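A.B. asks: If you're matching them up, the sequences are chains A and B in order. Residue 5 in this note's numbering is what sits at position 5 of the first sequence, and the numbering runs on without skipping anything. Residue 38 in this note's numbering is what sits at position 38 of the second sequence, and the numbering runs on without skipping anything. Beta carbons are placed, not taken as given, at the ideal position from N, Cα and C, and that holds for glycine. Please read these numbers as outputs of a predicted model, since none were measured by experiment. First the structure, then my questions, so here it is.
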Amino acid sequence: AQRVTQPEKLLSVFKGAPVELKCNYSYSGSPELFWYVQYSRQRLQLLLRHISRESIKGFTADLNKGETSFHLKKPFAQEEDSAMYYCALSGFRNTGTASKLTFGTGTRLQVTL
Amino acid sequence: NAGVTQTPKFRVLKTGQSMTLLCAQDMNHEYMYWYRQDPGMGLRLIHYSVGEGTTAKGEVPDGYNVSRLKKQNFLLGLESAAPSQTSVYFCASSPKTLQIDYGYTFGSGTRLTVV
């Protein structure tokens with residue numbers, strides 16, 4: 001079974017402070033990890049994928065297989081980063097079929113002045 | 001390019017009523033999904049489809065039925081709505097791929113209240 005854990009329901013930081021949203025996973029195989037973001041009253045949108053090793057809107061995330069983690073980081077928080085963030089896992093590499101993403105419960109990031 | 005479109009956006013049902021949620025995508029994606037989003041529980045997979053004419057159960061399928069008669073449409077039905085089905089429903093789609101999982105494109109959601 002695959003499982004994604006986001007231990008923090010709410011993370012409140014000041015503008016300009018570093019951000020780290022935690023994500024841990026459980027999966028017996030090679031997972032694909034994603035971060036999705038949902039801004040207020042908007043649809044979920046893909047923020048980044050671990051396989052791309054990209055930086056989107058200043059956010060990065062590194063897959064740590066030893067610690068089974070995929071934490072999302074940003075060095076300096078901005079007000080516009082306030083949103084709900086979901087970590088998600090796909091077993092695509094093992095099944096070769098539909099993604100069937102498993103989502104964590106989400107962390108609300110609140111950036112204050 | 002509309003992406004994934006869900007209708008309706010809001011609905012209030014009485015217990016026992018039935019309704020169908022429509023999801024339409026114009027990206028020629030092979031896979032489609034229905035999730036429900038509840039506070040503190042994240043998104044949970046209800047049903048999914050790997051192609052036209054095929055559907056499969058997800059994590060929380062009870063009380064729901066789905067159909068995919070056309071590749072671009074994925075319908076979610078509630079035959080007899082219950083208050084426990086009050087939720088925000090998201091449809092998503094993804095392309096068929098052999099090597100890289102590109103993730104989902106989501107619809108804007110349907111907020112359903114069952115009273």
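Out of curiosity, what's the CA-to-CA distance linking LEU121 (chain A) and LYS9 (chain A)?
C.D. replies: Look at the range of chain A in this structure, 1 to 113, and you will see that residue 121 (chain A) is not part of it.
A.B. asks: VAL115 (chain B) to THR60 (chain A), Cα distance in whole Å?
C.D. replies: So the alpha carbons of these two residues sit roughly 43 Å apart.
A.B. asks: Figure out for me which residue from A:LEU109, A:GLN78, A:GLY66 has the closest Cα to the Cα of LYS15 (chain A).
C.D. replies: Comparing Cα positions, the closest option is A:GLN78.
A.B. asks: How about TYR48 (chain B): is its C-beta nearer than 8 Å to some C-beta of chain A?
C.D. replies: Chain A, which has a Cβ nearer than 8 Å to the Cβ of TYR48 (chain B), makes this yes.
A.B. asks: Looking only at DSSP bridge pairs, what is GLU20 (chain A) linked to?
C.D. replies: In the DSSP output, where bridge partners are listed per residue, GLU20 (chain A) has A:LYS73.
A.B. asks: Give the list of continuous beta strand (DSSP E) stretches no shorter than 3 residues that lie fully inside the segment 13 to 70 of chain B.
C.D. replies: The qualifying runs are 19 to 25, 31 to 38, 42 to 51, 54 to 57, 65 to 67.
A.B. asks: Using the three-state DSSP reduction, which class does GLN110 (chain A) fall into: helix, strand or coil?
C.D. replies: DSSP places GLN110 (chain A) in strand when its eight states are reduced to three.
A.B. asks: Could you give the DSSP three-state label for GLU32 (chain A): helix, strand or coil?
C.D. replies: Three-state DSSP puts GLU32 (chain A) in a strand.
A.B. asks: Quick check on the burial criterion: 16 or more other C-beta atoms within 10 angstroms. Buried or exposed for ASP81 (chain A)?
C.D. replies: Buried.
A.B. asks: Counting only beta-carbon atoms, is ARG43 (chain A) nearer than 8 Å to chain B?
C.D. replies: Yes, contact with chain B.
A.B. asks: If we cut at 8 Å on Cβ distances, does MET41 (chain B) have a partner in chain A?
C.D. replies: Yes, contact with chain A.
A.B. asks: State the Cα-Cα distance for the pair SER40 (chain A) and ILE56 (chain A), rounded to the nearest angstrom.
C.D. replies: Taking the straight line joining both Cα atoms gives about 19 Å.
A.B. asks: Give the straight-line distance between the Cα atoms of LEU69 (chain B) and TYR36 (chain A), rounded to the nearest whole angstrom.
C.D. replies: Each residue's Cα considered, the two are about 29 Å apart.
A.B. asks: Does the Cβ-Cβ distance between THR102 (chain A) and LEU89 (chain A) come in under 8 Å?
C.D. replies: Result yes, Cβ atoms of THR102 (chain A) and LEU89 (chain A) sit closer than 8 Å.
A.B. asks: Counting only beta-carbon atoms, is ARG108 (chain A) nearer than 8 Å to chain B?
C.D. replies: It does not: the Cβ of ARG108 (chain A) has no partner Cβ on chain B nearer than 8 Å.
A.B. asks: What does LEU45 (chain B) reach in chain A if we use C-beta pairs closer than 7 Å?
C.D. replies: Those are LYS100, listed as they occur along chain A.
A.B. asks: Could you tell me the distance, in whole angstroms, from the CA atom of LEU78 (chain B) to the CA atom of TYR33 (chain B)?
C.D. replies: One C-alpha to the other measures close to 16 Å.
A.B. asks: Compare the C-beta of PHE10 (chain B) with all C-beta atoms of chain A and state if any pair is closer than 8 Å.
C.D. replies: Cβ-Cβ to chain A under 8 Å: no for PHE10 (chain B).
A.B. asks: From the DSSP output, in three-state form, read off GLN85 (chain B) for me.
C.D. replies: Residue state, collapsed to three classes: helix.
A.B. asks: At least one CB of chain A closer than 8 Å to the CB of TYR64 (chain B): is that the case?
C.D. replies: False, the Cβ-Cβ gap to chain A never drops below 8 Å.
A.B. asks: Measure the Cβ-Cβ separation of THR113 (chain B) and VAL12 (chain B) and say whether it is below 8 Å.
C.D. replies: Cβ atoms of THR113 (chain B) and VAL12 (chain B): closer than 8 Å.
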